[in-house]
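Okay, structure first, notes after.
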Amino acid sequence: MAQAHCVQVDPAFVQAPEHRPKAAISDADGVPLVDLSPLFSDSAGDTIPATLLSQVEVACRDWGFFQVINHGVPLEVLKKAEAAEKKFFALPEEEKLKVRRDGANRFGYYESEHTKNVRDWKRIFDFVLQERLDVTGLVLKNRWPEVPLDFRESIEEYAKCVEKLAFIVLELISLALNLPPKRLNAFFEEQTTFVRLNHYPPCPYPDLALGVGHHKDSGALTVLYQDSVGGLDVKRQSDGEWVRVKPIPNSFVINVGGIIQVWSNDKYLSAEHRVSVNTERDRFSIPFFFNPASNIDVRPLPELVDDRNPGKYKEYNWGEFFKRRMDSDFKKLEVENIQIDHFKRA
Ligand SMILES: O=C(O)CCC(=O)C(=O)O
Ligand SMILES: [Fe+2]
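In terms of the numbering used here, the sequence shown opens at residue 2 and continues consecutively.
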């Protein structure tokens, strides 16, 4: 007689019923697509086409998410980073554990991240752009594995190219907010940006677990490369429906983080998103979390508030916020993790 097939479910990964993904997900009417080629064409002068700015404006306002193509990051840089990522995660576990994150330094490999106190079905590797960071007393230092040999070079090259793209998008957002293009740049002089490699292995119970639980990114902007598997879902602002962000070859997904939501005084929104997993395919992605300096106090920009439209948030310090998020991602806590909503004025 055939044995009954039984999947062992680890309760640490099980989402509350209201956060479990439904079997079918809509990929119709997806996030806006923005073609950045006008910025790189030979005939491009210093002026940015109004149509491009209005696309960015609508995307940030109505979705908080968009995809960009013709973004200026060379395809070979992307492919090399992706290959290095796959080689790293394919290493035996004991090899990866040599560069594991710990309580004192939150960078390197980690297999036990939590989002909102539920464990994520993923493995990650984090590194900062600055070799070493001090975030309100927490020292963060990169840990580089000895193998794959070209790992560090490939992903540092990737980070350099994506950083350029992040600054371009930051300027587009500034302009879309009717501010001078470089208005926001000074916040990033001692940036706390970090890059994450994500590996989502196949999961035997994708109806119960998530690769990343529902959340909003807390930094300024996220610039994400995803492979062709798919799984990133965004909550559409217009109706609260979850929709899949369709993978487009050689593209990046941009999403507005909590800091831009606060700077813009809620003109632009940071959208809720999550990662669904599947039973068959490994998925890989590489988010670049573009974050300002640790000492920055975040508040609605004075140019965007007035008597009729007063600031909707109390000021908070980014370094403190970032540290508290890292603490709650590191292990399951009994308290809710920190959100910009906690600074919302009544
Ligand atoms: O892997 C993805 O597609 C998204 C990951 C994500 O949302 C995050 O790490 O904040
Ligand atoms: Fe995210």
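Note that CB positions come from ideal geometry on N, CA and C, so glycine has one too.
All values derive from a computational prediction rather than experimental measurement.
What's the C-alpha gap between Tyr206 and Val224? Taking the straight line joining both Cα atoms gives about 29 Å.
- Taking the alpha helix (DSSP H) that Pro288 falls in, what are its first and last residues? First-last for Pro288: Arg284 to Phe291, but that is the beta strand (DSSP E), not the alpha helix (DSSP H).
Worksheet item: In three-state terms, what does DSSP make of Lys333?
Response: It is coil, neither helix nor strand.
Query raised in the report: Using the beta-carbon count (16 or more within 10 Å), is Cys61 buried or exposed?
Result: A residue is called buried once 16 or more other Cβ atoms fall within 10 Å of its Cβ, and Cys61 is buried on that count.
### Query
Does the Cβ of Asp218 lie closer than 6 Å to at least one heavy atom of ligand 2?
Result yes, Cβ under 6 Å from ligand 2.
Exposure label - Gln68; buried when at least 16 CB within 10 Å = Buried, by the Cβ-count rule.
query = So Lys324 and Val119 are in contact, right, with Cβ under 8 Å, and what is the actual spacing, rounded?
reply = With 8 Å as the limit, Lys324 and Val119 do not qualify as a contact, their Cβ atoms being about 21 Å apart.
Query raised in the report: Hey, is the region 312-319 in contact with the region 244-251, meaning 3+ C-beta pairs nearer than 8 Å?
Result: These segments do not touch.
Checklist line | DSSP three-state assignment for His72, whether helix, strand or coil | finding: Reduced to three states, the DSSP call for His72 is coil.
| Based on the DSSP secondary-structure assignment, which residues constitute the bridge partners of Val224? | In the DSSP output, where bridge partners are listed per residue, Val224 has Ile255 and Phe289.
Report yes or no: do three or more beta-carbon pairs, one from the region 99-109 and one from the region 126-133, lie closer than 8 Å? With a cut-off of 8 Å on Cβ pairs, the region 99-109 is in contact with the region 126-133, counting three or more such pairs.
**Study point:** Which of helix, strand or coil DSSP assigns to Glu218
**Key:** Residue identity differs from the one stated: residue 218 is Asp in this sequence, not Glu. Coil at Asp218, not helix or strand.
| query | What number of angstroms, rounded off, separates the C-alpha of Trp264 from the C-alpha of Ile341? | reply | Ile341 has its alpha-carbon roughly 11 Å from the corresponding atom of Trp264.
Would you be able to state if there are at least three C-beta pairs under 8 Å between the region 14-33 and the region 209-227?
The region 209-227, when compared against the region 14-33, does touch it at the 8 Å Cβ threshold.
* Inter-residue Cα distance where the pair is Glu154 and Leu92 -> Rounded to whole angstroms, the separation of the alpha carbons of Leu92 and Glu154 is 18 Å.
Looking at the secondary structure, which residues open and close the beta strand (DSSP E) in which Arg197 lies? Per DSSP, Arg197 belongs to the beta strand (DSSP E) from Phe195 to Tyr201.
* Asked: Is any heavy atom of ligand 1 found at a distance shorter than 6 Å from the C-beta of Leu222?
  -> If you check the C-beta of Leu222 against ligand 1, you find no heavy atom less than 6 Å away.
Considering only the beta carbon of each residue, do Phe195 and Phe290 sit closer than 7 Å?
Against a cut-off of 7 Å, the Cβ pair of Phe290 and Phe195 comes out as a contact.
Q. Helix, strand or coil for Gln340 per DSSP?
A. In the structure shown, Gln340 sits in coil (DSSP, three-state: anything other than H, G, I, E or B).
Does the beta carbon of Gln227 fall short of 6 Å from some heavy atom of ligand 1?
Answer for Gln227: yes, Cβ within range of ligand 1.
Q: Scan the region 66-119 and note each continuous beta strand (DSSP E) run of 3 residues or more that stays entirely inside, going in chain order.
A: Entirely contained in the region 66-119, the beta strand (DSSP E) runs reaching 3 residues are, in chain order, 66-70 and 109-111.
### Message
Under 6 Å: does the beta carbon of Asn199 sit that close to some heavy atom of ligand 1?
### Response
Set against 6 Å, the gap from the CB of Asn199 to the closest heavy atom of ligand 1 is smaller.
* **Supposed close pair Asp228, Phe285 - CB separation, criterion 8 Å** => Distance from Asp228 to Phe285 at the Cβ level is roughly 5 Å; contact confirmed, criterion being Cβ atoms closer than 8 Å.
Once DSSP output is grouped into helix, strand and coil, what is the label at Leu185? In this structure, Leu185 counts as coil in the three-state DSSP scheme.
Considering only their Cβ atoms, is the gap separating Leu34 from His72 smaller than 7 Å? The answer is no: Cβ separation not under 7 Å.
So the alpha helix (DSSP H) Asp63 belongs to, where does it begin and stop? Going by DSSP, Asp63 is part of the alpha helix (DSSP H) stretching over Ala51 to Asp63.
For Ala17 and Lys183, what's the separation of their Cα atoms in angstroms? Spanning the two alpha carbons is a distance of roughly 43 Å.
Subject >> Limits of the beta strand (DSSP E) - the one that Leu178 falls within >> reply: Unbroken run through Leu178: none, as it is neither H nor E.
message = Here's the rule: buried if 16 or more other CB atoms are within 10 angstroms of the residue's CB, otherwise exposed. What is Phe189?
response = Phe189 comes out buried.
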